[in-house]
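First the structure, in the form of structure tokens, and then the observations on it.
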DNA sequence: CCAAAGGGCACCGATTTGGTGCTATTTGGG
DNA sequence: CCCAAATAGCACCAAATCGGTGCCCTTTGG
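Residue numbers (our numbering), protein chains in the order written: chain Z, 63 to 211; chain R, 63 to 211.
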């Protein structure tokens, strides 16, 4: 399905909140108090992001999570990839542009290559959305000033 | 997850095959013989596309399916929408741009609006991919000659 | 008139997803 | 110095989704 998982949604809410708290460590509890998200789940998600180096964490009484890098350097593509794996579109997709992969349909598959182009376009869109642009949508244009129609 | 369902994949394979058989009715069996797809499932998917007016069907001995409209008029967005529902990205999404919807997070949700912009970009990508461009990728550029970076 | 095809629909097994339980470890503050 | 608040790490479960079939009916060409 072409939809983010709840985990990704929670991650985005949490991360955007972290943008406005540069440097401070924010606890999962605080996030769950401010937004209607299950505290344990948001913690689980943030742990995962910590393992992948997107956020720093501090344990103990005044612990919590903080962005590990500037908000402008963290892209939506990266977040999604960590939590859901790289967006593939097709099941026979090994993940990289030219790779043949182990698709049993492969030799006869008529849609493989064109669909991969679509996939790359979508990745491109996600790659150009930064945490910064999510947190401050009106600051500067999120992507190239969308004028296509 | 940011991935098509098998149903959608099968639909794309089938539909692309139909492009090259303009006018002829192609049976689900023939499709299953040519590609490694479960015949029953591909039939089920084509039935769904028929109900939505994307393909015509003919019953009886020499029956089968054929495109109901020119391949250039059928977009990937349309196919996906029929089989999976409109690409939403977020769970709180009622599907249309300005709609407030019934999201319980809504009042406090900080990512709603920017994510909707991303969603619209993705829909845009899918809207510009036609069955024709999937069937003949090299004929004319699939979308606007991608030059963004 | 029968075999081949689609129409309808219910259903099942496997996987994914959303969410929780439990326990251990760290750490700041009274 | 110890306790409360936090994260770390799993394992686990219930519900939803998804991939795929079974069954029976109707249509239709040879």
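The beta carbon of each residue, even a glycine, is placed where N, CA and C say it ideally should be.
Query raised in the report: Does the beta carbon of residue 22 of chain Z sit closer than 8 Å to a beta carbon anywhere in chain R?
Result: Shown here, chain Z extends from 63 to 211; a query on residue 22 of chain Z therefore has no answer.
Report task. Would you mind stating whether residue 81 of chain Z and residue 197 of chain Z have Cβ atoms separated by less than 8 Å? Result -> Cβ atoms of residue 81 of chain Z and residue 197 of chain Z: closer than 8 Å.
**Report entry** As assigned by DSSP and simplified to three states, the class of residue 128 of chain Z
**Finding:** Under the three-state reduction of DSSP output, residue 128 of chain Z falls in the strand class.
Query raised in the report: For residue 91 of chain R, which residues of its own chain have a beta-carbon under 7 Å away from its beta-carbon, when the five flanking residues on both sides are left out?
Result: If we look at residue 91 of chain R and ignore the five residues flanking it on each side, its Cβ neighbours are 101.
Query - Local Cβ density within 10 Å of residue 106 of chain Z, reported as buried at 16 or more and exposed below that - result: The residue in question, residue 106 of chain Z, is exposed, as its Cβ has fewer than 16 Cβ neighbours within 10 Å.
Query raised in the report: If we cut at 8 Å on Cβ distances, does residue 112 of chain R have a partner in chain Z?
Result: Cβ-Cβ to chain Z under 8 Å: no for residue 112 of chain R.
Requested in this report: Check the C-beta distance from residue 64 of chain Z over to residue 149 of chain R and give it rounded, since I have them as a contact under 8 Å.
Outcome: Contact holds; Cβ gap of about 4 Å.
**Report entry** Beta-bridge partners of residue 118 of chain R, as assigned by DSSP
**Finding:** DSSP lists R:128 as the bridge partner or partners of residue 118 of chain R.
Requested in this report: Please state if the CB of residue 128 of chain Z and the CB of residue 87 of chain Z are separated by a distance shorter than 8 Å.
Outcome: The answer is yes: Cβ separation under 8 Å.
Requested in this report: Drop a sphere of 10 angstroms on the beta-carbon of residue 185 of chain Z, count the other beta-carbons inside from all chains shown, and report buried for 16 or more, exposed for fewer.
Outcome: Residue 185 of chain Z comes out buried.
Query raised in the report: Taking only beta-carbon atoms, is residue 87 of chain Z less than 8 Å away from chain R?
Result: Not one chain R Cβ lies under 8 Å of residue 87 of chain Z.
Query raised in the report: Closest to residue 140 of chain R by CA distance: which of R:98, R:110 and R:119 is it?
Result: The shortest Cα separation from residue 140 of chain R among R:98, R:110 and R:119 belongs to R:110.
**Report entry** Simplified DSSP state of residue 151 of chain Z, which is helix, strand or coil
**Finding:** Residue 151 of chain Z falls in the strand class under three-state DSSP.
Query raised in the report: Which one or two residues does DSSP pair with residue 192 of chain Z in a beta bridge?
Result: Beta-bridge pairing links residue 192 of chain Z to Z:137.
Query - Status (buried if at least 16 other CB within 10 Å, exposed otherwise) for residue 193 of chain Z - result: Taking all protein chains in view, the Cβ of residue 193 of chain Z is crowded by 16 or more other Cβ atoms within 10 Å, so the residue is classified as buried.
Query raised in the report: In the DSSP assignment, what residue or residues form a beta bridge with residue 64 of chain R?
Result: Looking at the DSSP output, residue 64 of chain R sits in a beta bridge with Z:64.
Requested in this report: From the DSSP output, read off the bridge partner residues of residue 88 of chain Z.
Outcome: Beta-bridge partners assigned by DSSP to residue 88 of chain Z: Z:127.
Query - Within 8 Å, strictly: CB atoms of residue 187 of chain Z and residue 121 of chain R - result: No, the pair does not count as a contact, with Cβ atoms beyond the cut-off.
Query raised in the report: If you run the structure through DSSP and keep just helix, strand and coil, what is residue 197 of chain Z?
Result: Looking at residue 197 of chain Z - three-state DSSP - the assignment turns out to be helix.
Report task. Look at the alpha carbon of residue 171 of chain R and the alpha carbon of residue 199 of chain Z, and state the distance between them as a whole number of angstroms. Result -> Each residue's Cα considered, the two are about 14 Å apart.
Report task. Answer with buried or exposed for residue 73 of chain R, where buried requires no fewer than 16 other C-beta atoms within 10 angstroms of its C-beta. Result -> By the Cβ-count criterion, residue 73 of chain R is buried, with 16 or more other Cβ atoms from all chains shown falling within 10 Å of its own Cβ.
Requested in this report: Rank Z:67, Z:78, Z:66 and Z:69 by C-alpha distance to the C-alpha of residue 134 of chain Z and give the top, closest one.
Outcome: Here the closest residue by C-alpha is Z:78.
Query raised in the report: For residue 83 of chain Z, which of helix, strand or coil comes out of DSSP?
Result: Three-state result, residue 83 of chain Z: coil.
Query raised in the report: List, in order along the chain, the chain R residues whose C-beta lies closer than 7 Å to that of residue 152 of chain Z?
Result: Result: 66 and 71.
Requested in this report: Report the residue from Z:145, Z:154 and Z:195 whose alpha carbon sits nearest the alpha carbon of residue 66 of chain Z.
Outcome: Nearest option by C-alpha distance: Z:145.
**Report entry** Spatial distance of residue 97 of chain Z from residue 103 of chain Z (CA atoms)
**Finding:** CA-to-CA, the gap between residue 97 of chain Z and residue 103 of chain Z works out to about 13 Å.
Report task. Compute the Euclidean distance between the alpha carbons of residue 85 of chain R and residue 75 of chain R, then round it to the nearest angstrom. Result -> Computed Cα separation, rounded: 17 Å.
Query raised in the report: If you compare alpha carbons, which of R:125, R:115 and R:113 is closest to residue 93 of chain R?
Result: Of the candidates R:125, R:115 and R:113, the one whose C-alpha sits nearest the C-alpha of residue 93 of chain R is R:125.
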